[in-house]
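Visitor:
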Amino acid sequence: MTRETEYLLALYIAEHRSSPPVSPGRIADAVGRSPAATTEMLQRLDDRGLVTREPYDGAALTDAGKERAADLHETYVALSWFFRDALGLDAHEREAMEMAGLVSPTVADRLVELLLDDVPGEPPDPGALSLPRSDAD
1 MTRETEYLLA
11 LYIAEHRSSP
21 PVSPGRIADA
31 VGRSPAATTE
41 MLQRLDDRGL
51 VTREPYDGAA
61 LTDAGKERAA
71 DLHETYVALS
81 WFFRDALGLD
91 AHEREAMEMA
101 GLVSPTVADR
111 LVELLLDDVP
121 GEPPDPGALS
131 LPRSDAD
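Numbering (UniProt numbering), first residue to last: 1 to 137.
#1: If you pair each beta-carbon of the stretch 17-34 with each one of the stretch 67-81, do three or more pairs fall below 8 angstroms?
#2: Can you give me the C-alpha to C-alpha distance between A60 and P21, rounded to a whole angstrom?
#3: Could you please give me the residues that DSSP links to G58 through a beta bridge?
#4: Quick test of the definition: if touching needs 3 or more C-beta pairs under 8 angstroms, does the stretch 42-57 touch the stretch 3-16?
#5: In chain order, what residues of the same chain lie with their CB nearer than 8 angstroms to the CB of S19, ignoring the 5 residues before and after it?
#6: Starting from R26, trace the alpha helix (DSSP H) both ways and give me its first and last residue.
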């Protein structure tokens, strides 16, 4: 997963928990990065039109950013479900986070179909999945 993907997912999840803008400190905590690294990435995402950023106030996803983040979140949820229920991984959220930006929506959709047909258990509540923290800056 790219760092960009982590930030988009962190913003997406944070915006669904409270209204935007999301403070830079909250984003930094969510992705386990320094405030300086977070500010730098938010500027890059702003330059690419994926977020709007106001220094000190925070950032919010643009329509393009919301669309990209929603796709990433769906993939993240599908992968987390697969890793948890089909593979029995304890670190299913971390593994899903590592791969979310690498798997196409088509593959994620097929995983969901497979899981609905063949794996016992309920799909995860997307709102219950949190963004796992990274240990590295």
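Think of the CB as a built atom: it goes at the ideal place given N, C-alpha and C, for glycine as much as any other residue.
Values in this document were obtained by computation on a predicted structure and should not be read as measured data.
Guide: This is what the structure holds:
#1: no
#2: 5 angstroms
#3: E54
#4: yes
#5: none
#6: 24-31
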